[in-house]
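These notes concern the structure reproduced below.
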Amino acid sequence: MSTTTIYFEKITQEIGFNPNTDFGLFDPLPDELNSKLKKPLLESDKDGNVIWNIMDLNGNIRTMDVKEDVKSKIKYKPIQIIRLADPPDPKQKYKGIRVGQSVWPWISSEIVQLYKKKTKVRRLILTEGYKKAFVACKKGLVCIGIPGITVWKDKEATEVFNDIKLFIDACQVEEVLCLQDADAMTIKWEQDKDLYKRPANFYTSVKLFRSMMRDWCSALYYAHINTESKFKGIDDLLLGMPDKSIKICKELNSSSGNTTYITRYDVTNMSNTNVQQLFGIHAFAQEFYDKYEFYIGVEEFIYRNGVYQYDVDKGEIIYLQCGESSQFVRIMSDYYMKATQPTPTAFIKNTLLPTKKDDIRVMFKKQKKDVVDRIIYDIPFYHGFFNEPGHISYRQYIPSLDENNFTTLWYNRYMKLTHKPVLEDVTLEDIPISIKFIKHIFGGHDVPYKGKIIKGYELGLDYIQLLYLMPKQPLPIVSLLSAENQTGKTKFWGWMCAIFQQNAKIIPPAMLTGDFTEYFMNALLVVIDEALFNKRETMERVKGLTTSDSNMVNGKHVKESEQSTFLKVGLSTNNINDFAIITKHDQRFWPIDVPVIPDEDYVIDFFPKLCDEIPKFLTYLLKRSMSTDKDDDRMYFSPEVRHTKALERVIKGSKPSNEILIESAIRNYMVESGRFEVELSKKDIRELTEERSLQLNTVTWILENKMDKKPHPYSKRYKFYNIDIGDDVTQDRINVVIKSTEPFTFHINDFYTLEQVVEIFDIDKFVLNEEEHLITEKFKRGISATLFFENHYKTRKEPCTFEEFEAIYNSCSTFIEFNVRFTDFTIQKSLPF
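Counting from 1 along the sequence shown, just add 76 to a position and that's the residue number in the numbering used here.
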């Protein structure tokens with residue numbers, strides 16, 4: 077027996093699985109004849125996990141159509157549930173194999189035979205769990221398994237699973253019994269845990285059972301394995317006591333008489349209150365305690381948000397804190413209600429609603445005045461708000477102690493996320509829409525990083541991962557650009573808002589510089605759609621928000637206060653060239669060009685499906701390793717990593733016309749003079765622009781503030797190259813004029829990359845600059861033989877092979893030496909002998 081199949085073999089032998097009888101018909105290609113195959117209901121994967129193939133009442137394996145790729149025809153895959161042999165979390169033993177598959181009840185082979193023959197059935201048992209239903213059928217019970225104790229229907233349906241309805245109708249079922257485990261009437265005391273929730277969940281299951289089955293069967297029963305039993309489920313009970321299985325089945329099929337192994341109730345005409353009483357949640361804390369005294373003892377416990385404890389002296393439950401008050405907070409004299417708000421993505425999000433004391437009284441108008449007074453009195457009091465984002469370790473409030481040991485309580489304005497990451501491992505195959513969307517937004521291009529190549533979309537995953545796992549980390553301003561619509565840039569930010577809920581805000585640009593900032597200043601992410609920052613005030617405000625540790629918070633009815641802020645800013649705009657004024661020294665922006673979504677990638681109901689993946693996507697981020705590191709003391713993502721063509725375009729589009737004019741004039745002057753370092757006064761530069769109306773103070777401001785240049789601290793003599801432009805520019809037509817003032821110094825790499833310098837200038841210009849000491853040997857060492865050869869000979873004929881060029885170039889320490897040796901080499905090479 078293979079070590080990987082030990083668990084599978086153990087389970088199948090234990091439950092009596094027989095592949096010769098326990099199988100369904102699987103049709104991977106329904107459009108083709110004779111394509112049905114026999115498929116066992118239980119299989120094993122390579123890791124020894126048990127795969128449950130789900131079957132319908134006709135004995136066919138349920139399938140879903142899966143498109144392997146764009147060119148392939150649709151293939152059908154079985155709908156399967158996997159039972160993990162070694163689950164990482166004992167509470168998460170089962171999971172669906174394919175993303176998007178619906179939930180279905182478990183139909184065993186015995187049920188299929190009864191349905192096909194329309195055999196009359198007196199009692200049908202419904203229990204939670206596939207294995208339980210399988211074993212029950214093997215022991216002679218008529219049992220169908222439901223996926224969960226509160227899962228009685230498909231997500232979009234309004235009635236009970238169709239297979240259950242069809243079976244009841246075809247087999248003329250007279251009675252239906254809902255069977256739960258032995259722990260249905262037990263609780264486990266835990267500190268800060270509301271003990272009401274577990275029995276309330278079991279009650280909800282029975283309530284749903286009654287409402288779903290009322291129209292299909294006139295006699296309804298509820299039962300659970302006896303609480304004292306050492307066997308939890310019906311499968312454990314039947315397999316653990318094989319000699320008692322006949323008696324156990326008789327009790328489950330009976331409607332009256334004493335029972336030994338189960339507790340049974342007729343719930344056909346029972347009121348909801350009476351059903352609640354079964355679980356001890358029909359009245360107040362005392363009745364609940366009486367039901368579960370064995371499990372609670374004398375510990376302080378929570379019941380429906382109220383805090384209680386058994387008083388040994390009084391022999392009764394005493395009230396410690398009102399439950400209703402916990403849905404409010406008081407910040408000094410202001411009241412807020414902790415509310416949950418529905419969203420279009422089917423998730424709820426937490427929010428704070430400002431309220432008043434009179435509003436609270438109206439909410440509880442049916443209560444007595446002294447009760448309402450107690451609710452208001454018990455509302456937790458805090459001295460003020462603080463702001464601390466956290467998704468893994470979240471703090472709702474924080475106490476601080478002063479030097480006199482007085483405590484100040486601060487309430488966290490940052491909202492706790494309602495998303496619950498799944499417990500099982502998540503791979504890229506489990507979140508296909510999320511990954512494909514990130515690839516579309518951030519691209520699949522290569523990004524060199526610390527000696528390795530990463531993909532653009534990996535940076536996108538890093539960005540979202542930092543928002544989720546390191547929300548205090550400052551991040552660059554991600555700016556999504558596209559001139560066209562239907563690119564997904566707005567949807568991306570909508571997705572971020574769906575993930576981070578109330579902690580992500582979409583605002584207009586004008587709100588940034590407005591008087592009231594309370595709406596967004598506590599957020600993790602501020603999104604500005606259709607951004608156009610053509611005012612320097614707005615621009616500086618945006619940059620300041622992403623780097624400042626604290627900001628002033630203003631509200632219409634709230635006093636101004638300073639608060640810690642951890643804002644990240646996201647932008648989307650159609651102004652792809654000039655949405656903001658960005659300089660080459662600006663380290664905050666990360667512009668990304670977003671293409672139009674191809675027709676073949678269009679997904680129906682894309683956004684809801686994307687949001688459905690959020691819990692699994694967050695689990696993936698929890699386990700994923702970052703592809704980048706923090707490269708400086710403050711901002712994540714080095715400028716080199718996020719340098720894009722979009723950034724270059726926006727920097728160019730951000731320059732005012734005078735700046736472009738001045739830069740162009742200096743560029744031309746350096747190329748025409750052939751000098752890699754020049755000195756110019758502000759008057760020289762104005763003359764070079766040929767714009768006499770250009771103010772000298774404007775030239776100075778641009779040089780100092782936009783180009784980061786400073787004039788020489790004192791007057792000095794410098795060379796000005798008076799260029800006489802003719803049909804050809806030669807050294808003889810450049811007249812040197814000696815001037816005296818406080819000039820600005822410019823270097824060739826202020827305007828050109830090394831690749832561009834090598835391409836633009838002939839070798840004699842490199843020699844000239846060395847002779848005039850305008851460049852050093854270090855400059856040559858920065859230009860490799862490969863860089864020089866590939867760029868210098870882009871527009872020139874190659875005089876030799878690269879290997880020949882490299883050998884000479886690397887043996888020379890200066891351009892002067894290289895020019896002499898390379899000239900001799902090319903002359904020798906051109907001789908006919």
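Yeah, the Cβ is synthetic: ideal placement off N, Cα and C, and Gly gets one too. Since the structure is predicted, the reported quantities are computational estimates derived from the model, not experimental observations.
Determine the burial state of Asp808: buried for a count of at least 16 other Cβ atoms within 10 Å of its Cβ, exposed for fewer.
By 1-based counting over the sequence shown, the position of residue 808 is 732. Since pLDDT at Asp808 reaches only 48, below the 50 mark, its modelled position is unreliable, and no value is offered.
Identify, in the order they occur along the chain, each residue of the same chain with its Cβ nearer than 7 Å to the Cβ of Gly532, setting aside the five sequence neighbours on each side.
The count along the sequence shown starts at 1 and reaches residue 532 at position 456. For Gly532, where only same-chain residues beyond five positions count, the Cβ hits under 7 Å are Phe518, Gly519, Gly520, His521, Val523.
For Gly520, write down the residues that DSSP places opposite it in a beta bridge.
For the purposes of this step, residue 520 is taken as the residue at position 444 of the sequence shown. In the DSSP output, where bridge partners are listed per residue, Gly520 has none listed.
Do you know offhand how far Arg897's Cα is from Thr623's?
As a first step, residue 897 must be located in the sequence shown, where it is residue number 821. As a first step, residue 623 must be located in the sequence shown, where it is residue number 547. The alpha-carbon atoms of Arg897 and Thr623 are separated by roughly 54 Å.
Can we say the stretch 318-332 touches the stretch 281-288, given the rule of at least three CB pairs closer than 8 Å?
no
Measuring straight from C-alpha to C-alpha, what distance separates Ser703 and Asn96?
One-based indexing of the sequence shown puts residue 703 at position 627. One-based indexing of the sequence shown puts residue 96 at position 20. C-alpha separation (whole angstroms): 50 Å.
contact_flag[the stretch 849-862, the stretch 787-801] where n(CB pairs < 8 Å) is 3 or more
Contact check between the stretch 849-862 and the stretch 787-801: fewer than three CB pairs, one atom from each, fall below 8 Å, which does not count as touching.
Just checking my contact of Thr566 with Asp605 at CB under 8 Å: how many whole Å lie between their CB atoms?
Walking along the sequence shown from the start, residue 566 turns up at place 490. Walking along the sequence shown from the start, residue 605 turns up at place 529. Between Asp605 and Thr566 the Cβ distance is about 6 Å, and since that is below 8 Å, they are a contact.
At what residues does the beta strand (DSSP E) containing Lys856 begin and finish?
In the sequence shown, residue 856 corresponds to position 780, counting from 1. Element bounds for Lys856: not the beta strand (DSSP E) but the alpha helix (DSSP H), 853-857.
Which word fits Phe752, buried or exposed, when buried means at least 16 other C-beta atoms lie within 10 angstroms of its C-beta?
Translated into the one-based positions of the sequence shown, residue 752 becomes position 676. Buried, since its Cβ has 16 or more Cβ neighbours within 10 Å.
Span of the beta strand (DSSP E) holding Tyr83?
The residue labelled residue 83 in the question sits at position 7 within the sequence shown. First-last for Tyr83: 82-91, but that is the alpha helix (DSSP H), not the beta strand (DSSP E).
I need the straight-line Cα distance from Arg450 to Cys398, nearest angstrom please.
The residue given as residue 450 occupies position 374 in the sequence shown. The residue given as residue 398 occupies position 322 in the sequence shown. C-alpha separation (whole angstroms): 7 Å.
Where the beta strand (DSSP E) through Phe796 begins and ends
Walking along the sequence shown from the start, residue 796 turns up at place 720. Taken as a continuous stretch (DSSP letters only), the beta strand (DSSP E) holding Phe796 covers 792-799.
Give the secondary structure of Leu600 by DSSP, where H, G and I count as helix, E and B as strand, and everything else as coil.
By one-based count along the sequence shown, residue 600 stands at place 524. Looking at Leu600 - three-state DSSP - the assignment turns out to be coil, as it is neither helix nor strand.
Taking a contact to mean a Cβ-Cβ separation below 9 Å, would you say Ala258 touches Thr303 in this structure?
Counted from its first residue, the sequence shown places residue 258 at position 182. Counted from its first residue, the sequence shown places residue 303 at position 227. Result yes, Cβ atoms of Ala258 and Thr303 sit closer than 9 Å.
Do the CB positions of Ile173 and Gln156 come within less than 9 Å of each other?
Locating residue 173 in the sequence shown gives position 97, where the first residue counts as 1. Locating residue 156 in the sequence shown gives position 80, where the first residue counts as 1. Result yes, Cβ atoms of Ile173 and Gln156 sit closer than 9 Å.
Just verifying my parser: in three-state terms, what is the DSSP assignment at Ile424?
On the sequence shown, position 348 is the one that residue 424 refers to. If DSSP states are grouped into helix, strand and coil, Ile424 belongs with the strands.
Three-state class that DSSP yields for Ser287 in the structure shown:
Start at 1 with the first residue of the sequence shown, and residue 287 comes out as number 211. The answer is helix: DSSP assigns Ser287 an H, G or I state.
Given Tyr298, which residues of its chain have a CB within under 6 Å of its CB, disregarding the five upstream and five downstream residues?
Along the sequence shown, one-based indexing puts residue 298 at 222. Around Tyr298: Cys254, Val282, Tyr341, Val343.
What does the alpha-carbon distance come out to for the pair Asp800 and Thr890?
On the sequence shown, position 724 is the one that residue 800 refers to. On the sequence shown, position 814 is the one that residue 890 refers to. When rounded, the distance between both Cα atoms is 30 Å.
Can you tell me whether Lys905 is helix, strand or coil according to DSSP?
By one-based count along the sequence shown, residue 905 stands at place 829. Looking at Lys905 - three-state DSSP - the assignment turns out to be helix.
Can you give, in chain order, each stretch of the beta strand (DSSP E) that sits fully within the stretch 189-219 and has at least 3 residues?
199-204
Can you tell me the Cα-Cα spacing of Gln549 and Val227, whole angstroms?
Counted from its first residue, the sequence shown places residue 549 at position 473. Counted from its first residue, the sequence shown places residue 227 at position 151. Between Gln549 and Val227, the C-alpha separation is close to 41 Å.
Leaving out five residues before and five after Leu694 in sequence, what residues of the same chain have Cβ atoms less than 7 Å from its Cβ?
Residue numbering aside, residue 694 sits at position 618 when the sequence shown is read from its first letter. Closer than 7 Å at Cβ, skipping near neighbours: His495, Pro497, Tyr544.
Using 8 Å as the cut-off, classify the Cβ of Ser287 as near or not near the heavy atoms of the ligand ZN, replying yes or no.
This structure simply doesn't include the ligand ZN, nor any ligand for that matter.
Measuring straight from C-alpha to C-alpha, what distance separates Thr924 and Glu748?
Because residue 924 is not part of the residues shown, which for the chain are 77 to 909, the question remains open.
To which residues does DSSP link Thr484 through a beta bridge?
To locate residue 484, count along the sequence shown from 1; it is residue 408. Note: Thr484 sits in a beta bridge opposite Ser476.
Tell me the rounded alpha-carbon separation between Asn136 and Leu101.
Within the sequence shown, numbered from 1, the residue matching residue 136 stands at position 60. Within the sequence shown, numbered from 1, the residue matching residue 101 stands at position 25. If I take the Cα positions, the gap works out to 5 Å.
Measuring CA to CA, which of Ile310, Phe462, Tyr411 is closest to Ser640?
Here the question's residue 640 lines up with position 564 in the sequence shown. Residue Phe462 is the option with its Cα nearest to Ser640.
Leaving out the 5 sequence neighbours to the left and right, which residues in its chain are closer than 6 Å to Val672 when beta-carbon positions are compared?
Translated into the one-based positions of the sequence shown, residue 672 becomes position 596. Excluding sequence neighbours, Val672 sits near Glu560, Gln562, Thr563.
Do Ser331 and Glu251 have their beta-carbon atoms positioned less than 9 Å apart in this structure?
Residue numbering aside, residue 251 sits at position 175 when the sequence shown is read from its first letter. Residue numbering aside, residue 331 sits at position 255 when the sequence shown is read from its first letter. It is a contact, given that the beta carbons lie within the stated cut-off.
Cβ contact check for the stretch 311-320 and the stretch 263-274: 3 or more pairs under 8 Å:
no
Is it buried or exposed, Val849, if we count other Cβ atoms within 10 angstroms and call 16 or more buried?
Taking the sequence shown and counting its residues from 1, one reaches residue 849 at position 773. Note that residue 849 is His in the sequence shown, not Val. By the 16-neighbour rule on beta-carbons within 10 angstroms, His849 is exposed.
Put Ser816 into one of helix, strand or coil per three-state DSSP.
The sequence position of residue 816 within the sequence shown is 740, counting from 1. The answer is strand: DSSP assigns Ser816 an E or B state.
Determine the extent of the alpha helix (DSSP H) in which Lys567 is found, giving its start and end residues.
Translated into positions along the sequence shown, residue 567 becomes position 491. Unbroken alpha helix (DSSP H) run through Lys567: 565-576.
DSSP three-state assignment for Asp900, whether helix, strand or coil:
Taking the sequence shown and counting its residues from 1, one reaches residue 900 at position 824. In this structure, Asp900 counts as helix in the three-state DSSP scheme.
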